[in-house]
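Engineer: I'd like to ask you about the structure that follows.
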Amino acid sequence: MASASGKKVPLETVGGWSRRQSLSRKLGLVVCLGFLILFAILGFLSMRAVSDSTERILRERLVIAEMAANEIDRLVARAFYELERASDFAAFDPGAADFSAEEHLLAHAYGRIGTLSLGVYFLDGSGRVILAEPSGPSAARPDFAARPEILRSLQNGERSITAPFIERNTGRMTAAVLVPIKDPHGRVVSLLGGLLDLNGPSVRGVIQQAMKLGETGHAEVVDEHGMVVVNTEAEGYLGPGEHKGFYVRLGRTRQTGVEAVPYDLGDENQNLAAASIHVMAFAPLSTVPWGVAVGGDLEETFAPVTGLRNTILVFGSLGLAVVLFATLFGTRRLVRPIEALTASAKRISAGDLDSGVQVVDTGEIGVLAQALEEMRVKLAESMRELTRWGTELEERVRSRTAENARLIEELGRLEAMSELDRLRSEFVSSVSHELKTPLGFLKGYATSALRTDVVPTQDTTREFLKIIQQESETLEELVDNLLDTARLQSGKLAVEKRPVNVRDIVRSVVDKAKAVAPERTFSLEFPAEFPEVSADGRRLGQVLNNLIDNAIKYTSQGCRIRLCGRVHDDHVIITVEDEGAGIRPEDLGRVFEPFYRVDSPLTHRERGNGLGLSICRGIVEAHGGSIWVDSTVGKGSAFIFSLPVS
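The working numbering puts the first residue of the sequence shown at 264, with every later residue one more than the last.
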C-alpha cells in the first residue's frame with residue numbers, strides 16, 4: 264500500500280489505526296464508504312451519460328454537414344447528368360449549318376436543371392458562346408467564356424467545374440459545370456456549360472438547416488483554399504471562412520471531422536479568435552473540391568450537456584450531504600446503546616462487579632445487556648467463592664512453601680558437595696596422571712643408570728641425564744602451574760609491574776620456541792614505535808610462552824606461527840595466531856577454564872593438564888587487561904590479549 268507521497272504504508276499500520284477507532288466511527292466510516300462508492304458509481308454513470316450526450320451532439324453536427332454535402336453533390340451530379348444527356352441527342356457541332364435541335368435540347372436541359380441554373384450554353388472549340396439559354400443580350404458572357412477551366416476541359420476532354428465566381432450580370436455567386444463534346448474520332452469539338460446558382464434556393468436552402476441548431480447556428484460552403492462559396496449569412500463571398508485553417512486541413516485530406524475551433528480570419532482578428540470558439544463539423548464534397556461546414560457557438564452547443572452536468576453535480580452533492588448526515592445521525596443512535604454496554608463490560612473486566620448493567624433497549628441489544636447483567640451477578644458470586652478458596656489455599660501454600668524452601672536449601676548443599684567432590688576427583692585424576700608420567704621417566708632412567716650389570720657409555724649416560732632433566736623441568740612446570748592456579752583461585756597472585764618492552768619479551772620467547780620447534784615458522788609483526796607497558800615481565804613471558812607452546816602442540820610441521828602487535832586507544836593488542844585445526848564453536852567458551860581440554864585427537868596425543876590458558880587469563884586480568892580467542896575449524900586459532908599502555 265502506498266501513500267500520496269509515494270512512501271509505503273504497512274497494512275499493519277492501517278489495521279492498528281482501525282482498531283483504535285470507536286465503534287460509531289467505524290460503523291459511520293463503513294456506511295459512508297458504501298454510500299460514497301454508490302455515489303461514485305452513479306457519478307460515473309452520469310458522466311458517461313453526459314459524455315454520450317456530448318458525442319450525440321457532435322455526431323448530429325457531423326450528420327447535418329454530411330447530409331448537406333450529399334445534397335449539394337446530388338445537385339452538381341444532376342447538372343452534369345442533364346448536360347451529358349443533352350449531348351446524347353444532338354451533335355453540338357460548331358460547324359453545322361442548323362442548330363435548331365441544339366436550341367431545343369438546351370432549353371430542355373435548362374428547364375430540367377431549374378432553379379439550380381442561371382443559364383445553359385453551347386461553346387465552340389475556342390470557348391466562344393454559340394447558343395445560350397435563356398438567350399438575350401447577355402448571352403455572350405465574356406467573363407464566363409474566358410475562364411481557364413474552359414480551356415483545360417477543351418484540352419483534356421474531361422468534365423469539370425470551375426472555381427466559384429461572382430456572375431457579372433446578376434451579381435450572384437456561381438460556378439460553371441463543363442461537359443466536353445467529342446466527334447466520332449474522340450476529338451473535343453465543343454463544350455456544354457451550365458451556370459450553377461450558388462445563391463439560389465437549391466443550394467442555400469440546403470445549408471439553411473444549420474439555422475435550426477440555435478441562435479448561433481450557421482453553415483458555410485468553402486472551396487479547397489478555405490474561401491467562402493456560400494453561407495447562411497449571404498455575405499463574405501470569396502473571402503476567408505471563419506475557420507480557414509480547419510477547413511483547409513480537412514479539405515486537403517478529404518476527411519470528415521468535428522472540432523471546437525477558434526476564429527481564423529487573420530492577424531487583425533486575434534482578439535475575436537481568442538474570445539469566440541465554435542463547434543464546427545466539416546464534410547467534403549465528392550464532385551468538387553469543396554466542403555460544407557456546420558456549427559455554432561461552443562457554449563450554446565453544449566448548453567444542454569452543461570445543464571445536465573450541473574444538475575447532476577448539484578443534486579448529487581445535496582443527496583450525498585443528506586445521506587451522510589442521516590448516516591452519522593443513525594449510526595450515533597444505533598451505537599449509543601452498544602457503547603453503554605462496552606463501558607459496562609470494561610467495568611466488569613476491571614473488577615467492578617457491583618455496578619449493574621442498565622438495559623437500554625428491547626431488541627437484540629437489550630437481550631445482550633440482560634445477558635451481560637446475568638453474567639455480572641454470577642461472576643460476583645463466583646469471585647466471592649474464589650476469594651474464600653483463595654484464602655484457604657494461600658494458607659496451605661504458605662506452609663508448603665516453607666517446607667519446600669527447607670528442602671531446596673538442603674538439596675543445594677548436597678549438590679554443592681557433589682560438585683565439589685567431582686571437581687576434587689577430576690583434579691586428583693589429572694594431577695596424578697601428569698605427575699605419574701614424568702616420575703615414571705625419572706625412575707626408569709635413574710634405575711637404568713644405576714644398574715651394575717651393564718655399564719652405560721658416557722653418551723648414553725648424558726642422554727639419560729638429559730631426559731631426567733627434561734622430566735624434572737616438566738614436574739617443576741606442573742608444580743608451578745598448580746601453585747599459580749591455587750593463587751588465582753584465592754586471589755593472591757602477585758604481579759610486580761614496571762615499564763617493560765613487549766617486543767623484547769616476545770623476541771626472547773620466540774627464540775626459545777625456535778630452539779624447541781625448529782620445524783615451525785615464526786613471524787613477528789610489530790610496528791617500529793611500539794609503546795612500553797606496565798607489567799610483570801616474567802609473568803608476561805609466561806603468558807606468551809603458554810600461548811606459543813599451545814600453538815606448537817596443535818599445529819603440524821611446516822605451519823606458520825604469527826605474532827603481531829598493535830595499539831588501540833590506550834591499550835596494546837598482542838595476537839598469537841596459528842594454522843592448526845581450530846577450535847569448535849561449542850568449546851570456545853570453556854578453553855580458559857582450569858583443567859578443561861578440547862576433546863580432539865590432538866589433545867589425546869599431546870601431554871597437558873589444561874591449566875595453561877586459565878593461568879594466562881588470570882595473569883592478563885591481574886594486569887588490567889583481557890584475553891579472548893577467535894578460531895575457525897580447519898583454518899587455525901588466534902589468541903588475543905590486551906594490556907594497558909605504560
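Ideal placement from N, C-alpha and C gives every residue a C-beta, glycine not left out.
1. Using the Cβ count rule (16 or more neighbours within 10 Å means buried), how would you classify A634?
2. Within 10 Å of its beta-carbon, does L702 have 16 or more other beta-carbons around it, so buried, or fewer, so exposed?
3. Is G961 helix, strand or coil when you go by DSSP?
4. Within 10 Å of its beta-carbon, does Q418 have 16 or more other beta-carbons around it, so buried, or fewer, so exposed?
5. Can you name the residues that DSSP bridges to W891?
6. Would you call S889 buried or exposed, if buried means 16 or more other Cβ atoms sit within 10 Å of its Cβ?
7. Using the C-alpha atoms, what's the distance from G804 back to I768?
8. What I want to know is whether the C-beta of R860 ends up closer than 7 Å to one or more non-hydrogen atoms of the ligand ATP.
9. Determine the burial state of V577: buried for a count of at least 16 other Cβ atoms within 10 Å of its Cβ, exposed for fewer.
10. Measuring only the C-alpha atoms, how far is R899 from S771?
11. Return the Cβ separation of G843 and Y859 in integer angstroms, given the expectation that the two are a contact with Cβ distance under 8 Å.
12. At what residues does the beta strand (DSSP E) containing S771 begin and finish?
13. Indicate whether R422 and L394 have their beta-carbon atoms separated by less than 8 Å.
14. Have a look at T433 and L458 and give me their C-alpha separation to the nearest angstrom.
15. Since L454 sits in a beta bridge, which residues does DSSP pair it with?
16. Excluding five sequence neighbours on each side, which residues of the same chain lie with their C-beta closer than 7 Å to the C-beta of E365?
17. What number of angstroms, rounded off, separates the C-alpha of F307 from the C-alpha of I575?
18. How should A342 be labelled, buried or exposed, when 16 other C-beta atoms within 10 angstroms of its C-beta is the threshold for buried?
19. Could you tell me if E531 is buried or exposed, where buried requires 16 or more neighbouring beta carbons within 10 angstroms of its beta carbon?
20. Excluding sequence positions up to five away, which residues of its chain have a Cβ less than 7 Å from the Cβ of A473?
21. Of all the options T590, L338 and F855, which has the alpha carbon lying nearest to the alpha carbon of V892?
22. Taking only the alpha-carbon atoms, compute the straight-line gap between I376 and L338 and give it to the nearest angstrom.
23. Given this structure, state the Cα-to-Cα distance separating A340 from T550, to the nearest angstrom.
24. For I824, which of S894, E795 and L787 has the nearest alpha-carbon?
25. For A556, which residues does DSSP report across the bridge?
26. Looking only at its chain, what residues have a beta carbon closer than 6 Å to the beta carbon of D412, apart from the 5 residues adjacent to it on each side?
27. On the criterion of 16 or more Cβ atoms from any shown chain inside 10 Å, does P464 qualify as buried, or is it exposed?
28. Please work out which residues of its chain come closer than 7 Å, Cβ to Cβ, to S350, disregarding the five sequence neighbours upstream and downstream, and give them in chain order.
29. Quick check: the Cα distance between P907 and V835, rounded to an integer number of angstroms?
30. Quick one: Cα of G504 to Cα of V524, how far?
31. On the CB-based measure, 16 or more other CB atoms within 10 Å of its CB, does M929 come out buried or exposed?
32. Short check: CB of A359 to CB of E396, under 8 Å?
33. Please classify D573 as buried or exposed, where buried requires at least 16 neighbouring CB atoms within 10 angstroms.
34. Would DSSP call D460 helix, strand or coil?
35. Just to confirm the assignment: which complete beta strand (DSSP E) runs, minimum length 3, are found wholly within the stretch 504-528?
36. Measuring CA to CA, which of R319, A303, G845 and G897 is closest to V568?
Structural biologist: A quick look at the data gives this:
1. exposed
2. exposed
3. Because the chain spans 264 through 909 in this model, residue 961 falls outside it and cannot be assessed.
4. exposed
5. BP columns for W891 point to I903.
6. exposed
7. 6 Å
8. Within the structure as shown, the ligand ATP is missing, as the structure has no ligands at all.
9. exposed
10. According to the sequence as given, residue 899 is Gly; it is not Arg. About 24 Å.
11. About 17 Å; that fails the 8 Å criterion.
12. In the DSSP annotation of this structure, S771 is not part of any beta strand (DSSP E); the continuous alpha helix (DSSP H) holding it starts and ends at V765 to V779.
13. no
14. 12 Å
15. DSSP links L454 through a beta bridge to L386 and P443.
16. A353, F355, F385 and L394
17. Taking C-alpha positions only, F307 is separated from I575 by approximately 11 Å.
18. buried
19. Confidence is the limiting factor: at E531 the pLDDT is only 48, short of 50, which leaves the residue's position unreliable, though a coordinate-based value still follows. By the neighbour-count rule (16 or more Cβ atoms within 10 Å), E531 is not buried but exposed.
20. I327, G480, H481, A482, T495 and V557
21. F855
22. 9 Å
23. Taking the straight line from one Cα to the other gives about 7 Å.
24. L787
25. E483 and F545
26. Looking at the sequence provided, one finds Glu at residue 412 rather than Asp. Answer for E412: S423 and T425, listed in chain order.
27. With fewer than 16 other Cβ atoms within 10 Å, it is exposed.
28. For S350, where only same-chain residues beyond five positions count, the Cβ hits under 7 Å are V442, I444 and L455.
29. One C-alpha to the other measures close to 6 Å.
30. 12 Å
31. Look at the range of the chain in this structure, 264 to 909, and you will see that residue 929 is not part of it.
32. No. Outside cutoff.
33. For clarity, residue 573 is Asn in the given sequence; the question names Asp instead. Answer is exposed; the Cβ neighbour count stays below 16.
34. strand
35. Counting whole runs of 3 or more residues, the stretch 504-528 contains the beta strand (DSSP E) stretches 520-525.
36. R319
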